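Undergrad: Just so we're aligned, residue 5 is where the sequence shown starts under our numbering, counting upward by one.
The beta carbon of each residue, even a glycine, is placed where N, CA and C say it ideally should be.
Values in this document were obtained by computation on a predicted structure and should not be read as measured data.
The structure that follows is given in the form of structure tokens.
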Amino acid sequence: MFRNVSLIIVGAVLGAIAMFGLQLRPAPVPRVEAHKDLESAFTAFANSLRDAGTFVQGHQWYGTDTEQAEAYRHIARVMINVLSEGILVDPDFPYFYEIGPFSKTGMDNSDQRYLSTLINAQGTYRVWGTRGSSRRLDFSVYEQDALSQSLATLNTEQLQVDPDGTFEVFIGGPAREGNWLPLDAAARRLLVRQIHSDWGNETPGDLHIDRIDAGRPLYPVLNSDIMAARLLQATDLLALNVRRWPEYSRTRFDALLPANTLTAPRDTGATGGLSGRLMVGGHFELAADEALLIKAWPTAAQYHGIQLGHHWWESLDYANRQSSLTADQAAVSSDGALYFVVSSRDPGVANWLDTEGFHRGVIMMRYDGLPGAGMAEERHPYATLVKLGELAQHLPPDEPRIGAEQRRQQIAARRRHVQKRFGI
Numbered sequence: 005m006f007r008n009v010s011l012i013i014v015g016a017v018l019g020a021i022a023m024f025g026l027q028l029r030p031a032p033v034p035r036v037e038a039h040k041d042l043e044s045a046f047t048a049f050a051n052s053l054r055d056a057g058t059f060v061q062g063h064q065w066y067g068t069d070t071e072q073a074e075a076y077r078h079i080a081r082v083m084i085n086v087l088s089e090g091i092l093v094d095p096d097f098p099y100f101y102e103i104g105p106f107s108k109t110g111m112d113n114s115d116q117r118y119l120s121t122l123i124n125a126q127g128t129y130r131v132w133g134t135r136g137s138s139r140r141l142d143f144s145v146y147e148q149d150a151l152s153q154s155l156a157t158l159n160t161e162q163l164q165v166d167p168d169g170t171f172e173v174f175i176g177g178p179a180r181e182g183n184w185l186p187l188d189a190a191a192r193r194l195l196v197r198q199i200h201s202d203w204g205n206e207t208p209g210d211l212h213i214d215r216i217d218a219g220r221p222l223y224p225v226l227n228s229d230i231m232a233a234r235l236l237q238a239t240d241l242l243a244l245n246v247r248r249w250p251e252y253s254r255t256r257f258d259a260l261l262p263a264n265t266l267t268a269p270r271d272t273g274a275t276g277g278l279s280g281r282l283m284v285g286g287h288f289e290l291a292a293d294e295a296l297l298i299k300a301w302p303t304a305a306q307y308h309g310i311q312l313g314h315h316w317w318e319s320l321d322y323a324n325r326q327s328s329l330t331a332d333q334a335a336v337s338s339d340g341a342l343y344f345v346v347s348s349r350d351p352g353v354a355n356w357l358d359t360e361g362f363h364r365g366v367i368m369m370r371y372d373g374l375p376g377a378g379m380a381e382e383r384h385p386y387a388t389l390v391k392l393g394e395l396a397q398h399l400p401p402d403e404p405r406i407g408a409e410q411r412r413q414q415i416a417a418r419r420r421h422v423q424k425r426f427g428i
């Protein structure tokens with residue numbers, strides 16, 4: 005009898021649990037008919053990621069283990085930017101998205117904090133915030149393509165800032181006095197560059213953007229048609245940018261310029277750079293016992309920087325490695341020149357540029373705010389391939405040296421600045 009009672013109790017408990025489970029089970033919701041365009045757009049987006057992997061695996065930069073690993077980080081970084089630009093940014097209700105340590109692309113400048121957003125050429129926008137103490141703060145309007153010509157620029161020298169450090173910039177609409185940039189029918193993108201030269205003392209500003217004209221529509225309710233269009237836009241952007249940057253390095257640098265040499269300075273405003281900026285480019289290819297010695301000279305430029313990158317067309321790590329230097333950071337030699345040493349091993353000189361394990365890569369030098377007609381030809385930077393063991397023979401005898409502890413302190417200071425610059 006006791007056994008029968010136990011079975012009855014157990015059965016009652018199990019029945020109660022089952023009823024409780026049925027009460028917690030969500031009520032069935034009728035599934036709406038699938039939106040075929042939305043689903044096919046997502047499939048296309050997913051396929052573009054697979055195709056990106058196929059592309060990098062067949063590329064000439066898919067060489068050493070480091071280059072192969074970097075190929076997939078390149079895809080990941082492009083993906084971060086594509087998600088922001090292709091899917092999440094609304095040109096009528098824009099927010100700035102950042103190109104920084106996580107989302108490097110297009111040979112980003114180690115000394116810059118980039119803020120970018122898409123805009124509607126029919127609209128009027130107000131950018132507002134605080135200036136900060138960065139060396140430069142420049143505003144440029146572009147077509148949507150990242151290598152398109154600059155359509156309009158408001159540079160540091162033109163920017164009017166209130167005594168308390170606040171400012172506002174108007175973009176589009178009728179011409180007005182003060183900080184204003186026109187928009188023509190081709191305008192699609194606003195890019196803001198905050199440039200830091202004295203990393204130890206310069207801090208970024210605080211910038212925001214709003215569309216302010218009466219023609220701004222109501223904020224849209226997301227639907228399948230909108231999302232399908234955004235997915236297809238992201239698909240195209242992913243395919244384009246995964247390919248364009250390593251191909252830019254292959255066709256514009258590797259194919260046209262001998263390794264371990266530099267170009268003459270040129271204005272980059274016509275090809276996606278900042279108008280008025282002079283840029284020197286090159287690429288290195290070094291054995292373990294070799295170094296590339298770059299000789300340059302101090303100038304009157306408001307900002308002068310040199311950096312290394314890899315051929316997937318992104319900067320090397322500039323927070324935890326000394327892969328870049330500015331004129332404020334670099335040591336001037338006793339003969340008045342600047343000697344930068346590109347090598348995989350630390351040679352113990354102040355102006356060492358760390359290749360981060362890459363035996364080949366890219367060199368970029370930028371000059372902003374250079375007065376006059378440019379740079380005299382005899383002052384163009386140039387490069388010399390040398391043996392690391394013979395480096396001292398090519399430097400002034402009193403070239404500044406640096407020890408391991410001082411190098412560690414330099415790196416720690418670099419990391420602190422990058423954390424502050426990007427708020428990370």
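For Thr68, does the count of other Cβ atoms within 10 angstroms reach 16, so buried, or fall short, so exposed?
TA: The residue you call residue 68 lines up with position 64 of the sequence shown. Thr68 should be labelled exposed.
Undergrad: As a quick exercise: from Asp332, Pro105, Gly90, Ala335, pick the residue whose alpha carbon is nearest that of Asp149.
TA: Translated into positions along the sequence shown, residue 149 becomes position 145. For the residues Asp332, Pro105, Gly90, Ala335, the minimum Cα distance to Asp149 belongs to Gly90.
Undergrad: Taking one C-beta from the segment 143-158 and one from the segment 185-192 each time, how about it: are there three or more such pairs within less than 8 Å?
TA: yes
Undergrad: Using the three-state DSSP reduction, which class does Lys108 fall into: helix, strand or coil?
TA: Locating residue 108 in the sequence shown gives position 104, counting from the first residue. Coil.
Undergrad: Go through the segment 198-235 residue by residue and report every complete run of the beta strand (DSSP E) that reaches 3 residues or more, in order.
TA: Counting only runs of 3 or more, we get 210-215.
Undergrad: Do Leu297 and His398 count as a contact pair if the criterion is CB distance below 7 Å?
TA: Within the sequence shown, numbered from 1, the residue matching residue 398 stands at position 394. Within the sequence shown, numbered from 1, the residue matching residue 297 stands at position 293. Yes; because the gap between Cβ atoms is below 7 Å, this pair is in contact.
Undergrad: Any idea what DSSP makes of Thr239, helix, strand or coil?
TA: Sequence index remark: in the sequence shown, residue 239 carries index 235 (1-based). In the structure shown, Thr239 adopts helical secondary structure according to DSSP, grouped into three states.
Undergrad: Mind checking if Ile123 is an interface residue toward chain D, Cβ cutoff 7 Å exclusive?
TA: No chain D appears in this structure, which consists of one protein chain only.
Undergrad: Would you kindly work out how many angstroms separate the C-alpha atoms of Gly427 and Asp115, rounded to a whole number?
TA: Looking up residue 427 in the sequence shown gives position 423. Looking up residue 115 in the sequence shown gives position 111. Between Gly427 and Asp115, the C-alpha separation is close to 15 Å.
Undergrad: Out of Leu242, Asp339, Ser120, Val390, state which residue places its alpha-carbon closest to the alpha-carbon of Gln198.
TA: On the sequence shown, position 194 is the one that residue 198 refers to. Nearest option by C-alpha distance: Ser120.
Undergrad: Let me confirm a value: Asp168 is counted as buried when at least 16 other C-beta atoms fall within 10 Å, else exposed. Which label applies?
TA: Position 164 of the sequence shown, counting from 1, holds the residue named residue 168. Exposed: under 16 other Cβ atoms inside 10 Å.
Undergrad: Does the distance from the C-beta atom of Val345 to that of Val353 stay below 7 Å?
TA: Counted from its first residue, the sequence shown places residue 345 at position 341. Counted from its first residue, the sequence shown places residue 353 at position 349. In contact: Val345 and Val353 (Cβ atoms closer than 7 Å).
Undergrad: How many whole angstroms separate the CB atoms of Arg180 and Phe171, which I take to be in contact at a CB cut-off of 8 Å?
TA: Numbered from its first residue, the sequence shown carries residue 180 at position 176. Numbered from its first residue, the sequence shown carries residue 171 at position 167. Actually they do not touch by this definition, with Cβ atoms about 14 Å apart.
Undergrad: Would you kindly work out how many angstroms separate the C-alpha atoms of Pro404 and Ala300, rounded to a whole number?
TA: Walking along the sequence shown from the start, residue 404 turns up at place 400. Walking along the sequence shown from the start, residue 300 turns up at place 296. Roughly 16 Å separates the two Cα atoms.
Undergrad: Looking only at its own chain, which residues have a Cβ that is under 7 Å from the Cβ of Arg419, when we skip the five neighbours before and after it?
TA: Position 415 of the sequence shown holds residue 419. Ala323, Asn324.
Undergrad: Quickly, what does DSSP pair Leu158 with across the bridge? List them, please.
TA: Here residue 158 corresponds to residue number 154 of the sequence shown, with the count starting at 1. Leu158 is bridged to Phe143.
Undergrad: Does the contact criterion of 3 or more C-beta pairs under 8 Å hold for the segment 88-103 versus the segment 205-219?
TA: Contact between the segment 88-103 and the segment 205-219 is present, with at least three C-beta pairs closer than 8 Å.
Undergrad: Buried or exposed for Asn124, please, with buried defined as at least 16 other CB atoms from any protein chain shown within 10 angstroms of its CB.
TA: The sequence position of residue 124 within the sequence shown is 120, counting from 1. By the neighbour-count definition (other C-beta atoms within 10 Å, threshold 16), Asn124 is a buried residue.
Undergrad: Count Cβ pairs between the segment 277-291 and the segment 358-370 that sit closer than 8 Å; are there 3 or more?
TA: yes
Undergrad: Please state whether DSSP places Arg192 in a helix, a strand or coil.
TA: As a position in the sequence shown, residue 192 is number 188, starting the count at 1. DSSP places Arg192 in coil when its eight states are reduced to three.
Undergrad: Leaving out the 5 sequence neighbours to the left and right, which residues in its chain are closer than 6 Å to Val422 when beta-carbon positions are compared?
TA: Residue 422 sits at position 418 when you count from the first residue of the sequence shown. Once the five neighbours on either side are set aside, the close Cβ partners of Val422 are Ala323.
Undergrad: So is Tyr146 buried or exposed if we call it buried at 16+ other beta carbons inside 10 Å?
TA: Residue 146 sits at position 142 when you count from the first residue of the sequence shown. That one is buried.
Undergrad: Looking at C-alpha atoms only, which residue of Leu236, Gln61, Phe59 is the closest neighbour of Ser228?
TA: Counting from 1 along the sequence shown, the entry for residue 228 is found at position 224. Per the Cα distances, Leu236.
Undergrad: Can you tell me the Cβ-Cβ gap for Leu290 and Ser347, rounded? I've got them flagged as a contact below 8 Å.
TA: Translated into positions along the sequence shown, residue 290 becomes position 286. Translated into positions along the sequence shown, residue 347 becomes position 343. Rounded, the Cβ-Cβ distance is 7 Å, consistent with contact.
Undergrad: Would you call Arg54 buried or exposed, if buried means 16 or more other Cβ atoms sit within 10 Å of its Cβ?
TA: On the sequence shown, residue 54 is found 50 positions in, with the first residue counted as 1. Result: exposed.
Undergrad: Rounded to whole angstroms, what's the CA-CA distance from Ala80 to Leu151? Just pull it up for me.
TA: Locating residue 80 in the sequence shown gives position 76, where the first residue counts as 1. Locating residue 151 in the sequence shown gives position 147, where the first residue counts as 1. Answer to the nearest angstrom: the Cα atoms are 21 Å apart.
Undergrad: Report yes if the CB atom of Arg425 is closer than 7 Å to the CB atom of Arg117, and no otherwise.
TA: Position 421 of the sequence shown holds residue 425. Position 113 of the sequence shown holds residue 117. Contact flag set, yes.
Undergrad: Per DSSP, what kind of secondary structure is Gly393 in: helix, strand or coil?
TA: Your numbering for residue 393 matches position 389 in the sequence shown. DSSP places Gly393 in helix when its eight states are reduced to three.
Undergrad: Under the three-state reduction of DSSP, which class applies to Gln311: helix, strand or coil?
TA: The residue given as residue 311 occupies position 307 in the sequence shown. Strand at Gln311.
Undergrad: Pick out whichever of Ala191, Asp332, Gln414 has its Cα sitting closest to the Cα of Glu206.
TA: Reading the sequence shown from its first residue, position 202 is the one you call residue 206. If we check each option's Cα against that of Glu206, Asp332 comes out closest.
Undergrad: If we ignore side chains and look at the alpha-carbon of each, how far apart do Arg281 and Ala396 end up?
TA: Residue mapping note: residue 281 aligns to position 277 of the sequence shown, counting from 1. Residue mapping note: residue 396 aligns to position 392 of the sequence shown, counting from 1. So the alpha carbons of these two residues sit roughly 33 Å apart.
Undergrad: Confirm, please, whether the CB-CB distance from Ser328 to Gln306 is below 7 Å.
TA: Counting from one through the sequence shown, the residue named residue 306 turns up at place 302. Counting from one through the sequence shown, the residue named residue 328 turns up at place 324. No, the Cβ-Cβ distance between Gln306 and Ser328 is not below 7 Å.
Undergrad: Considering only DSSP beta bridges, list what Ala387 is partnered with.
TA: Translated into the one-based positions of the sequence shown, residue 387 becomes position 383. Ile298.
Undergrad: Locate the alpha helix (DSSP H) running through Ile175, then write down its first and last residues.
TA: Here residue 175 corresponds to residue number 171 of the sequence shown, with the count starting at 1. From DSSP, Ile175 is part of no alpha helix (DSSP H) but of the beta strand (DSSP E) over 170-175.
Undergrad: Report the rounded CA-to-CA distance for Ala259 versus Thr330, giving the unit in angstroms.
TA: In the sequence shown, residue 259 corresponds to position 255, counting from 1. In the sequence shown, residue 330 corresponds to position 326, counting from 1. If I take the Cα positions, the gap works out to 28 Å.
Undergrad: Helix, strand or coil, according to DSSP, for Val422 in the structure here?
TA: Here residue 422 corresponds to residue number 418 of the sequence shown, with the count starting at 1. DSSP places Val422 in helix when its eight states are reduced to three.
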